[in-house]
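Per the numbering used here, the sequence shown starts with residue 29, numbered consecutively.
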Amino acid sequence: MTLYPPQNKNADSLLQIQEIFPIIPIWKIILLSILTSGMYHFVWFYRYFKIINCCSNKNSETPVNSCGKSIKNTKNKSKIQAALCIFTSFYLFSKLQKYLQKYYEPAFPPVIFSIAYIFFSILWFVGYLRYIAYLGVIPIIIIQYKINKLNKKHHSIAKKYGWTSKTTTNLLFFLIISHAIIIFIASILVIGWLDARFG
Numbered sequence: 029m030t031l032y033p034p035q036n037k038n039a040d041s042l043l044q045i046q047e048i049f050p051i052i053p054i055w056k057i058i059l060l061s062i063l064t065s066g067m068y069h070f071v072w073f074y075r076y077f078k079i080i081n082c083c084s085n086k087n088s089e090t091p092v093n094s095c096g097k098s099i100k101n102t103k104n105k106s107k108i109q110a111a112l113c114i115f116t117s118f119y120l121f122s123k124l125q126k127y128l129q130k131y132y133e134p135a136f137p138p139v140i141f142s143i144a145y146i147f148f149s150i151l152w153f154v155g156y157l158r159y160i161a162y163l164g165v166i167p168i169i170i171i172q173y174k175i176n177k178l179n180k181k182h183h184s185i186a187k188k189y190g191w192t193s194k195t196t197t198n199l200l201f202f203l204i205i206s207h208a209i210i211i212f213i214a215s216i217l218v219i220g221w222l223d224a225r226f227g
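Structure, rendered in structure tokens:
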């Protein structure tokens, strides 16, 4: 995440300190969404909410180099918003639409995108439709593609979230923990079934 003040007084009339959202490769979003069964969406929402909440706490007299403290104070709020992304998706998508419009970039319909995201998210709880729920990543992909395109044109200093060793470590940790939980729950169910059947 990167924040910087406008280069001139007319650079941004809406924000005293300008938001620069990160560049995230589309293939990374797709891959991590599949490997984590959609859990990566929480990370994506969190990164954007953290930037928005940081900037909303700034004013024209606040030094940019104090932004780290502001980010720290807004982490909990951002985590809650990300955890409730089904309910906060419209708010975030609306913010990103306005962000794109500031730079005269083609925007997207936040209402339709949020409805689609909510619909596909709900399908995670319907067993036989669970695989269709993977399509919930489509609104995120389209939005990120537009953000990436905007950054290449206007924000060459935007932070790039590529694939790093930290990504691999976190992914392996997630897979190990999630599979351990699944095996633990399955073991309890099997033991219960065996006990009822042969006990």
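Note that the Cβ used here is the ideal one computed from N, Cα and C, for glycine as well.
Close-in-space but distant-in-sequence residues of the same chain around residue i (CB under 8 Å, 5 per side omitted)
i: ILE234; result: Shown here, the chain extends from 29 to 227; a query on residue 234 therefore has no answer.
i: TRP221; result: none
i: ASN36; result: With a pLDDT of only 38 at ASN36, under the threshold of 50, the placement of this residue in the model should not be trusted, and no figure is reported.
Beta-carbon gap between residue i and residue j smaller than 8 Å
i: GLN129; j: PHE136; result: no
i: CYS113; j: PHE70; result: yes
i: HIS182; j: TYR131; result: yes
i: PHE201; j: THR64; result: no
i: TYR162; j: ILE62; result: yes
i: LEU120; j: TYR68; result: no
i: SER167; j: ALA186; result: Reading off the sequence shown, one finds Pro at residue 167, where the question assumed Ser. It is not a contact, given that the beta carbons lie outside the stated cut-off.
Extent of the continuous alpha helix (DSSP H) run through residue i
i: SER122; result: 113–130
i: HIS69; result: 68–84
i: LEU163; result: First-last for LEU163: undefined, no H or E at that position.
i: TRP221; result: 193–226
i: PHE136; result: Looking at the DSSP string, PHE136 is not in any alpha helix (DSSP H), and its letter there is neither H nor E.
For residue i, the residue or residues it bridges with in DSSP
i: LYS188; result: ILE51
Cβ separation of residue i and residue j, assumed to be a contact under 8 Å, to the nearest whole Å
i: SER106; j: LYS78; result: 4 Å
i: ILE48; j: LYS188; result: No, ILE48 and LYS188 are not in contact; Cβ-Cβ is about 11 Å, not under 8 Å.
i: LYS174; j: GLU133; result: 6 Å
Proximal residues to residue i (C-beta, below 7 Å), its chain only, five neighbours per side dropped
i: ILE146; result: ILE114 and SER117
i: SER184; result: none
i: TYR74; result: SER106, LYS107 and ALA110
i: TRP152; result: GLY66, ARG158 and ALA161
i: LEU178; result: LEU128, TYR131 and GLU133
i: THR196; result: none
i: GLN172; result: ILE52, ILE54 and ILE57
Heavy atom of the ligand COA within 7 Å of residue i beta-carbon
i: ILE213; result: As for the ligand COA, it is missing from this structure, which has no ligand bound.
Beta-carbon contacts of residue i that lie in its chain and below 6 Å, excluding the five residues immediately before and after
i: SER94; result: At SER94, the pLDDT of 39 sits below 50, so the modelled position is not reliable; the number obtained from the coordinates is stated separately. Correct list: empty, nothing qualifies.
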